[in-house]
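Report on one structure; see the data block that follows.
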Amino acid sequence: MANGKLTGSEIVLRVLREEGAEVVFGYPGGAVLPIYDALFQQKAVRHVLVRQEAGAVHAAEGYARSTGKVGVVLVTSGPGATNSVTGLTDALMDSVPVVCLTGQVPTHLIGNDAFQEADTTGITRPCTKHNYLVKDIGDLARVLREAFYVARSGRPGPVVVDLPKDILQGKGSYAPPPARRETHKSYRPQLKGDTDAVNRAVELIARAKRPVFYTGGGIVNSGPRAARLLAEFARKTGYPVTNTLMGLGGYPAEDKQFLGMLGMHGTYEANLAMHHCDLLIAIGARFDDRVTGKLTEFSPGSTKIHVDIDPSSINKNVMVDVPIVGDCATVLTQMIRRWEAMKYRPDRTALARWWKEIDGWRARNCLAYERTDKVIKPQYALERLQALTRGRDVYFTTEVGQHQMWAAQFLKFSRPNRWMTSGGLGTMGYGLPAAIGVQVAHPGSLVIDVAGEASILMNIQELSTAAQYRLPVKVFILNNEYMGMVRQWQELLHGGRYSESYMASLPDFVALAEAFHGVGLRAEKPSEVDDVIREMIAVDRTVVADIRIDQTENCFPMIPSGAAHHEMLLGPADRASKPVSEEGMVLV
Amino acid sequence: MSDDGIEQHTISVLVDNEAGVLARVIGLFSGRGYNIESLTVAEVDARASLSRITISTSGTPQIVEQIKAQLRRLVPVHKVSDLTQEGPHVARELALVKVRSSGEKRVESLRVADIFRAGVVDSTSRSFVFEITGSTDKIDAFIRLMEPLGLVEISRTGLVAIARGEKPI
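Top to bottom, those sequences are chains H and P.
Residues 1 to 588, numbered by the working numbering, are exactly what the first sequence covers, in order.
Residues 1001 to 1169, numbered by the working numbering, are exactly what the second sequence covers, in order.
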């Protein structure tokens, strides 16, 4: 090291440390043996061994989303890299900063169909924010630093760095990073909103009579300041606030100005407020199809303001009137300053009328369900989970499906970075590895994966990871023996023909937990739920709780595909009167 | 130009001259279902290692705005310029056209080439290869005229284009 020559592997570890990466989630293989050898001989960077590469990427996602830092993955060439594609696509869709180091065959063998060779850069090009193949050790440090910059800047996302084995083994000179960060030659996201646009927006906000704040994952990605500024602005104006699935926690859920989540399974009041508002203030959300429903009938009478750091999200699905490219926290600061400088005040009379209308919708109590002591209703299980974890230092992840929607409806988040879910891609099998990543980042906290029994089997092997590192994650399975969401759609759209949605031959989850050195618990009656939750929390080990829920329960409210916000179904009785249209049938 | 709202746009993209950048741009178009009518690419600045990609695409105004926004957010992209929207610009194509004929038709093909200021870059006793540069319309017209005169093969570049005036991209 005196002459500045290090192996490629040593350079990799040096740069990881410089970039503040303390943990790497990975799985070894031939192409990455040099890095694993270097890892073994140092202590600054820790490695968490997963059991399948998808688990590594989801763990890095959970780590990143719960801390705001970049998650780091290390996988080998060929199948290691291809197994990570789902996780990378997930991170891209949900804007999670991940740097994924993939091994590759030596440079002279690339393109030769060598053992465990895959065209990793070709395969991951469309599913990453950017990717690199390092062909010269002189580029290695620069490329790695750039990868971290790209992953965390602007709209965060996954970056792959493909590392041929000869680069890792060869020696090259290493220079520490320049004292002052150079600006990137082409990629420089805009953080500050255009002043005229911001001023126009704030004037509209002041004059609105039926406004609503529609906020999403951008608030979480911007950092904790963004959530604080949103709360400050909401308090100053007194306006209602709704969150997307990805934005939960960006605004305190128990605040009286919160309308609940909006969208396909959002609350009645949130969706109707969006439909009937005269001013829609979108901050850090992208007008996803789960939120808008039928585009031609989405929020028909409103003027729309859209704050987003990604210019390509603006005017993509929904044409807006005041687009503002910028970072949420920066633009919110600009807006609050302008509001105060102009001494704006909301229209109190109009606002009182608007809130009265909203309270009328709230009175519908759209999340009500049939309470019974004969069978555990999934909503009941989640209500009890919320009650018994309220006020605690707790993080939630979920898998995908009905349980995910119920979790979004019934868990109440007061701050960001506490809710990790796969929104854009909807990846079953996300929750358990993500929970592992969260637990690694927050060793003393309570981490709960709300799962369905179908989803949990997709990455069940990660229970072994949890056992190895003594990560006391809690897997809370809402077990209805069906792929619930698929079954619900088959009931609604396909005449109740439950094709391949019944989960046959399920394992005994209690025995399974114990086989993986964990604790297994089961609840079959409502009266057993509280005890199971309490024990799950109290025991300092990995726990799998098998909660046997009502098999027939469907998730409401629901805006069927192709329908508009005001055509929401509120319960099973609603279905008969509103058949799904031909266009709706082809939508996912 | 716009019936059912579809417009043709010529877009210039200044990118890093690095492996995979062209694949990335093309992947963007194919992945999102955008139209590529023609595409040319070459290095234009060796010192700064920059290439220029000129794409001829078509779509509704909203789609074209999306295309530009999606291109701009690619990491190796330095600048995106919509020449169709930004004002007067010069757009040219080059084509190599092989015509096989004899007698009257052979003579006529030479006359047509002369009218179009196309040069002969290959000749045998039974064929010519003409080189022609010009607007897309001019080249299309030349090819149409050559069809009855023994046209057998065409090789065309896409459009290259540059804004008029003194300001660079």
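C-beta atoms are modelled at their ideal positions from N, C-alpha and C, and glycine is treated no differently.
Remember, predicted model here, so these are calculated numbers, not experimental data.
Residue-level contact to chain H via CB, residue i, 8 Å cutoff
| i | result |
| --- | --- |
| residue 1027 of chain P | yes |
| residue 1061 of chain P | no |
| residue 1085 of chain P | no |
| residue 1002 of chain P | The pLDDT assigned to residue 1002 of chain P is 48, lower than 50, so where the model puts this residue is not dependable; a value taken from the coordinates is nonetheless given after this. No, its Cβ sits nowhere closer than 8 Å to a Cβ of chain H. |
| residue 1037 of chain P | no |
| residue 1065 of chain P | yes |
| residue 1009 of chain P | no |
| residue 1023 of chain P | yes |
| residue 1076 of chain P | yes |
| residue 1072 of chain P | yes |
| residue 1091 of chain P | no |
| residue 1046 of chain P | no |
| residue 1016 of chain P | yes |
| residue 1103 of chain P | no |
Contacting residues, own chain, Cβ-Cβ under 7 Å from residue i (five flanking each side not counted)
| i | result |
| --- | --- |
| residue 130 of chain H | 150, 159 |
| residue 1044 of chain P | 1050, 1051, 1052 |
| residue 276 of chain H | 210 |
C-alpha distance - residue i paired with residue j, whole-angstrom precision
| i | j | result |
| --- | --- | --- |
| residue 225 of chain H | residue 386 of chain H | 25 Å |
| residue 191 of chain H | residue 197 of chain H | 14 Å |
| residue 496 of chain H | residue 551 of chain H | 14 Å |
| residue 457 of chain H | residue 57 of chain H | 17 Å |
| residue 284 of chain H | residue 113 of chain H | 44 Å |
| residue 1039 of chain P | residue 1071 of chain P | 14 Å |
| residue 83 of chain H | residue 273 of chain H | 42 Å |
| residue 1001 of chain P | residue 1037 of chain P | Residue placement at residue 1001 of chain P is flagged as unreliable, the pLDDT there being 46, under the threshold of 50; a coordinate-derived value is accordingly withheld. |
| residue 2 of chain H | residue 101 of chain H | Note on residue 2 of chain H: pLDDT 45, under 50, position unreliable in the model; the coordinate value appears next. Taking the straight line from one Cα to the other gives about 27 Å. |
| residue 35 of chain H | residue 16 of chain H | 12 Å |
| residue 557 of chain H | residue 234 of chain H | 26 Å |
| residue 1156 of chain P | residue 1136 of chain P | 10 Å |
| residue 71 of chain H | residue 438 of chain H | 11 Å |
| residue 430 of chain H | residue 342 of chain H | 47 Å |
| residue 541 of chain H | residue 470 of chain H | 7 Å |
| residue 63 of chain H | residue 444 of chain H | 14 Å |
| residue 317 of chain H | residue 1083 of chain P | 25 Å |
| residue 1035 of chain P | residue 564 of chain H | 30 Å |
| residue 1158 of chain P | residue 1141 of chain P | 16 Å |
| residue 585 of chain H | residue 492 of chain H | 10 Å |
Interface flag, residue i vs chain P, CB-CB below 8 Å
| i | result |
| --- | --- |
| residue 150 of chain H | yes |
| residue 316 of chain H | yes |
| residue 187 of chain H | yes |
| residue 126 of chain H | yes |
| residue 499 of chain H | no |
| residue 312 of chain H | yes |
| residue 121 of chain H | yes |
| residue 130 of chain H | yes |
Beta-bridge partners of residue i, as assigned by DSSP
| i | result |
| --- | --- |
| residue 305 of chain H | H:281, H:322 |
| residue 474 of chain H | H:448, H:543 |
| residue 172 of chain H | H:6 |
| residue 1099 of chain P | P:1128, P:1151 |
| residue 243 of chain H | H:215, H:261 |
| residue 549 of chain H | H:376 |
| residue 103 of chain H | H:163 |
| residue 419 of chain H | H:396 |
| residue 131 of chain H | H:160 |
| residue 1011 of chain P | P:1055, P:1082 |
| residue 1092 of chain P | P:1160 |
| residue 1038 of chain P | P:1056 |
| residue 569 of chain H | H:558 |
Close Cβ partners of residue i (< 8 Å) along its chain, the five nearest in sequence each way excluded
| i | result |
| --- | --- |
| residue 1088 of chain P | 1163, 1164, 1165 |
| residue 1121 of chain P | 1096, 1129, 1130, 1131 |
| residue 1086 of chain P | 1163 |
Contact set for residue i: own chain, Cβ-Cβ below 6 Å, skip 5 residues either direction
| i | result |
| --- | --- |
| residue 193 of chain H | 324, 326, 331, 334 |
| residue 257 of chain H | 234, 240, 241 |
| residue 87 of chain H | 54, 57, 58 |
| residue 44 of chain H | 17 |
| residue 425 of chain H | 89, 90, 93 |
| residue 1019 of chain P | none |
| residue 164 of chain H | 104, 106, 107 |
Alpha helix (DSSP H) runs contained entirely in the segment 460 to 535 of chain H, provided each spans 4 or more residues: 463 to 468, 484 to 493, 509 to 515
Counting only runs that start and end within the segment 19 to 79 of chain H, where is the beta strand (DSSP E) found for 3 or more residues in a row? 23 to 27, 46 to 49, 71 to 75
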